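Read through the structure below, which is laid out as structure tokens, and then see the notes.
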Amino acid sequence: KAGVTQTPRYLIKTRGQQVTLSCSPISGHRSVSWYQQTPGQGLQFLFEYFSETQRNKGNFPGRFSGRQFSNSRSEMNVSTLELGDSALYLCASSLLASGSSYEQYFGPGTRLTVT
Amino acid sequence: AQSVSQHNHHVILSEAASLELGCNYSYGGTVNLFWYVQYPGQHLQLLLKYFSGDPLVKGIKGFEAEFIKSKFSFNLRKPSVQWSDTAEYFCAVNADNYGQNFVFGPGTRLSVLP
Chain A
1 KAGVTQTPRY
11 LIKTRGQQVT
21 LSCSPISGHR
31 SVSWYQQTPG
41 QGLQFLFEYF
51 SETQRNKGNF
61 PGRFSGRQFS
71 NSRSEMNVST
81 LELGDSALYL
91 CASSLLASGS
101 SYEQYFGPGT
111 RLTVT
Chain C
116 AQSVSQHNHH
126 VILSEAASLE
136 LGCNYSYGGT
146 VNLFWYVQYP
156 GQHLQLLLKY
166 FSGDPLVKGI
176 KGFEAEFIKS
186 KFSFNLRKPS
196 VQWSDTAEYF
206 CAVNADNYGQ
216 NFVFGPGTRL
226 SVLP
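Residue numbers (the working numbering), protein chains in the order written: chain A, 1 to 115; chain C, 116 to 229.
This is the structure:
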């Protein structure tokens, strides 16, 4: 079974631009979560989508948004990029039924550099 | 709010030494607990998980962890480390059974000397 895939793997953007990152979960997984990983803050939860609905949201500004499609693929968007948005953005999927919790499987991440 | 702390930022061991990495969380309710590992240049991989039942759980590559509810701890152990265990280790807590909001610890970097 193929793992979680993320595209692109590397991205360089300029301050003020916007960016869209994509994540394809493991086949059959319906929950997709996004995390930001930085050396200073570690892994921080951005949001989670399940059945095309955002179910949980972390403590990030509204510039960070996401969506999930009917095939469970997800995208996250960051608008008006700031230097501090430079990070590794990780997507994780899980086989999840309502009211349950399962382990998350992580993708390789998208390394975003904002200059 | 939930939080997870890991006792050591960087641990250096020689091969065959025993390993114990500490993890404590703050949350009074039911939790699911995880240890993930990130080898150099690779993505996060699940080492082991605890949902319920026997508080001593075994994972891959000879790792195990013990959940001590009274101490809010979930320490990771391995009796004899190998050079290939060099990696960063993350403890994670999921205290919301409705969603997948995982709270991760800051990570512990393990360096195993050959």
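Note that the Cβ used here is the ideal one computed from N, Cα and C, for glycine as well.
Being a predicted model, the structure only gives us computed values, none of them experimental.
Less than 8 Å separating the beta-carbons of S226/C and I127/C?
Contact annotation: S226/C and I127/C have beta-carbon atoms nearer than 8 Å.
Please confirm whether R192/C and H124/C have their CB atoms less than 8 Å apart.
Going by C-beta atoms, R192/C is not nearer than 8 Å to H124/C.
Which residues, taken in chain order from the region 159-183 of chain C, show a beta carbon closer than 8 Å to some beta carbon of chain A?
Taking 8 Å as the cut-off between beta carbons, the residues of the region 159-183 of chain C near chain A are L159, Q160, L161, K164 and F166, in sequence order.
Between the Cα of V83/C and the Cα atoms of L228/C, L171/C and S185/C, which residue gives the shortest distance?
Nothing can be reported for residue 83/C: it is not among the residues displayed for chain C, which extend from 116 to 229.
What does DSSP give as the partner residue(s) for A92/A in the beta ladder?
A92/A pairs with S33/A and F106/A.
Span of the beta strand (DSSP E) holding T201/C?
Segment: none, T201/C is in no beta strand (DSSP E) and carries neither H nor E.
Residues of the region 46-80 of chain A with a CB closer than 8 Å to any CB of chain C: list them in chain order, please.
Listed in sequence order: E48, F50, R55, N56 and G58.
Suppose contacts are defined by Cβ-Cβ distances below 8 Å. Is V32/A in contact with L81/A by that definition?
It is not a contact, given that the beta carbons lie outside the stated cut-off.
Taking Cβ to Cβ, would you say V4/A is nearer than 8 Å to S24/A?
Yes, the pair counts as a contact, with Cβ atoms nearer than the cut-off.
Which residue from F69/A, D85/A, L90/A and R9/A puts its Cα closest to that of G62/A?
With respect to the C-alpha of G62/A, the residue from F69/A, D85/A, L90/A and R9/A having the closest C-alpha is D85/A.
Give a yes or no on whether the C-beta atoms belonging to V119/C and N209/C are separated by under 8 Å.
Contact flag unset, no.
Taking the beta carbon of Y49/A as the centre, do at least 16 other beta carbons fall within 10 Å, making it buried, or is it exposed?
Of the other Cβ atoms in all chains shown, 16 or more fall within 10 Å of the Cβ of Y49/A; this residue is therefore buried.
Per DSSP, cross-strand counterpart(s) of V114/A:
Beta-bridge pairing links V114/A to K13/A.
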